[in-house]
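Residue numbers (my numbering), protein chains in the order written: chain R, 14 to 440; chain V, 14 to 440.
Structure first, then comments.
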């Protein structure tokens, strides 16, 4: 049932009133360089924050066996995070509304060379209405937003009339295993919302993503005796060229994809990392590169992997060096299916109203070429996974930033969404 | 004056007699992983060995200012070795013969992934007449050979009747600044011999070599929004493709080169090392690669550098990403001119006789597509720089090895060369 207009404006105002504190808390989060494997301190900070706000707390280690056995699980690699997952649990006195998971990830991607940043990546500054810093958008602002949306209700003397699970996860950027760990632990709700910074829009569709690592190894010699085609770095490039042709082919298949047919280039193959060789004057014997590929919703990942491996094999068979040194392919990270949000009419209607009240505009609905943890809810728990977060810029880039006006409105919309979805009871 | 046949066979036998000890000493050297910057311990070992054999010792730090001011000097980089140079000096009672520098380098190139070695690179093993190990050929066997050639003379009651300088240098593999440091310190002789493992042949010509580091830097984004051509790793490959065309062009110029006209492919451009990006799902903002190029003897290095830079600029101007992120070129290592051994008739004649006596065959004379420290003697000190060392295999590669029969014969030839070049006096 739509919210009472008076309650609505009190909630909007309560978010306003808490916004300075929310921004300051967000800055505190951005100050922590919570790179993969280094999220221990920030998860502890979250644990203490949620505990002090009265949530029942669950802090647990990801269950590797359960994750790797799950169809949505990604393989562990040596650099898999060992940080705990933190869940703050609100239980109502009287369970009358619909339960909700509010999930955010606190892992951030590497910030790259610091000299490319205007100001240091972990010293969040605010300028012209934007907060800058690695993780500001992706997605510490979203996590703080969810917490302060709930706090706004409290400030007005209310609390949700249903279970609410505030989940702070890790590993979103590389496997999704943090979100999956919550599922594996048994957490369920009638809807899930992830405030990823995708521009004040609801995400209708997201792509699947796989990470590959391709290793070329062969026999090096002194460069003075280099025959052509015996260089592992050159050979890696041959493979990359072959893969780029496959990228073209996969993009051409978009016409069959309702949510991506109109997109120019939905499928991005990205060589995100490369390393090879030890010495300028030695023909390099090894080269390793990391590739991120996207696939369409509904695609069978095993079939796509077979295509990738065939492509690599074909490229290798045409190269003198690679014929004698067949590349090794490993899947060392994300193994994510695509996802289309469906059977979410009620949740969408509630979010639509909340958005309209906060932004004074209709809720835009978009398809993203990225993946998010929302897939786990939809694909493996029959739960609508809504992705809806503030406007950001340069996520994964330099001078990443999040728009504070958008954060404010997004927090207001979240507060209204919670109020209507879960219902309210007096404190 | 050719050696007395009886003396000759006594010297040959003396090398035989000392050979087991020589092999054992060589193994001791190969056991030490004297990678760039890590040659302190091995230089100390050399210092003590030479000192205990009665040489006057000079151990000194390379003079950076003198080196960088020298036309043959290579720029220091952060990983330049700080190890000392060691010189053992023999002075005769009566200086009747011709003085000689016997120079070797003890730095080795990185061994690469150990799993590619049949047995560990720093645990020298002997099998079927070969000694295996990083640095066995390049060039610890040569250094030991020079020392045991002198020791063979001693064993027979003789010593050179001229100054002999046993120079153990570093930085050969990356700059040549170790050899240059000896020159800068004032060491001179009437000939120099470097027992580099170039297959029982005298080197008539060697190429020049330059090291470049090329850095591409640009603006990264989340891969979901990757536009084409915004990837620093892809951009680096655009540059590499351009450079490969220049390599073809330079090879075509070999017809004007007396020592290289018949060579299939004298000029090798080698991308020996590459590194770029931080994260599979971020479009990489940076990529750095190391390039080794060769030039012909007599080439003007500055003109060749200009060609390289023009080539890189041209390639960059045709690429959307590189136009906005012009690559930076630095010269961070070898800056070596080519060298042709000339005005060395007397030394060659003496070496020819020594070789014939040791191998029972004529001395082969070859042009190499590598560089060696011999250039310093010829180009900057008007001294014939002879390069003549044993047969090796897979230098800079896996399972590097040196042929022990060749080492034995090469040591015999060196002993005979020293005896005739320097003359002998009784101990």
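Where a beta carbon is used, it is the ideal one built from N, C-alpha and C, also for glycine.
Secondary structure of residue 435/V (DSSP, three-state): helix.
Taking C-beta separations shorter than 7 Å and ignoring five residues to either side along the sequence, the partners of residue 193/R in its chain run 80, 83, 85, 86, 389, following chain order. Think of a sphere of 8 Å around the beta carbon of residue 353/V: no beta carbon from chain R falls inside it, the nearest being about 16 Å out. Within 10 angstroms of the beta-carbon of residue 184/V lie 16 or more other beta-carbons, which makes it buried.
Around the beta carbon of residue 48/R, a 10 Å sphere encloses 16 or more other beta carbons of the protein chains shown; the residue is thus reported as buried. Residue 148/V and residue 164/V have their C-alpha atoms spaced approximately 22 Å apart. Sixteen is the threshold: when 16 or more other Cβ atoms of the shown chains lie within 10 Å of the Cβ of residue 429/V, as they do, the residue is buried. At least one C-beta of chain V is nearer than 8 Å to the C-beta of residue 244/R.
Legend: CB atoms of the segment 288–305 of chain R lying less than 9 Å from CB atoms of chain V belong to residues 288, 289, 290, 291, 292, 293, 294, 295, 296, 297, 298, 299, 300, 302, 303, 304, 305.
It is roughly 6 Å from the alpha-carbon of residue 372/V to the alpha-carbon of residue 422/V. For residue 228/R, the enclosing beta strand (DSSP E) begins and ends at 221–230.
Annotation for residue 280/V: 260, 263, 264, 307 place their beta carbon closer than 7 Å to its own, counting only its chain and skipping 5 residues before and after. Between residue 352/R and residue 402/R, the CB-CB gap reaches or exceeds 8 Å. Listed in chain order, the positions of the segment 123–135 of chain R with a beta carbon within less than 7 Å of a beta carbon of chain V are 123, 125, 126, 129. For the 8 Å CB-CB criterion, residue 179/R and residue 110/R do not form a contact. Residues of the segment 165–188 of chain R with a C-beta less than 9 Å from any C-beta of chain V: 186, 187, listed in chain order. By the criterion of at least three beta-carbon pairs nearer than 8 Å, the segment 21–31 of chain R is not in contact with the segment 107–121 of chain R. About 7 Å separates the CB atoms of residue 367/R and residue 433/R; that is less than 8 Å, so the two are in contact. Distance from the CA of residue 437/V to the CA of residue 288/V, rounded to the nearest whole angstrom, comes to 55 Å.
According to the DSSP secondary-structure assignment, residue 178/R is paired through a beta bridge with 102/R, 114/R. In the three-state reduction of the DSSP assignment, residue 24/R falls in the helix class. Taking 8 Å as the CB threshold, residue 283/V lines the interface with chain R.
For residue 31/V, there are no C-beta contacts with chain R under 8 Å, since the nearest C-beta of that chain is about 30 Å from it.
Straight through space, the alpha carbons of residue 188/V and residue 319/V are spaced by roughly 20 Å.
Take residue 376/R, set aside five residues on each side of it, and the residues of its chain with a beta-carbon closer than 6 Å to its own are 215, 365, 368, in chain order. Within the segment 131–212 of chain V, complete alpha helix (DSSP H) segments of at least 4 residues are found at 154–168, 190–197, given in chain order. Here residue 313/V carries a coil assignment [DSSP, helix/strand/coil]. Judged by DSSP in its simplified three-state form, residue 288/V adopts strand. Contact annotation, residue 228/R with residue 341/R: C-beta distance approximately 5 Å; criterion of less than 8 Å satisfied. According to the DSSP assignment, residue 342/R belongs to the beta strand (DSSP E) that extends over 341–343.
Residue 421/V has no beta-bridge partner at all, per DSSP. At a cut-off of 8 Å, the C-beta of residue 247/V has a neighbouring C-beta in chain R. Using a CB distance cut-off of 8 Å, residue 224/R counts as an interface residue toward chain V.
For the segment 336–366 of chain R, the residues whose beta carbon sits under 7 Å from a beta carbon of chain V are, in order, 346. Taking the beta carbon of residue 73/R as reference, no residue of chain V falls within 7 Å; the closest one sits roughly 26 Å away. Under the DSSP definition of a beta bridge, residue 305/R partners with 224/R, 283/R.
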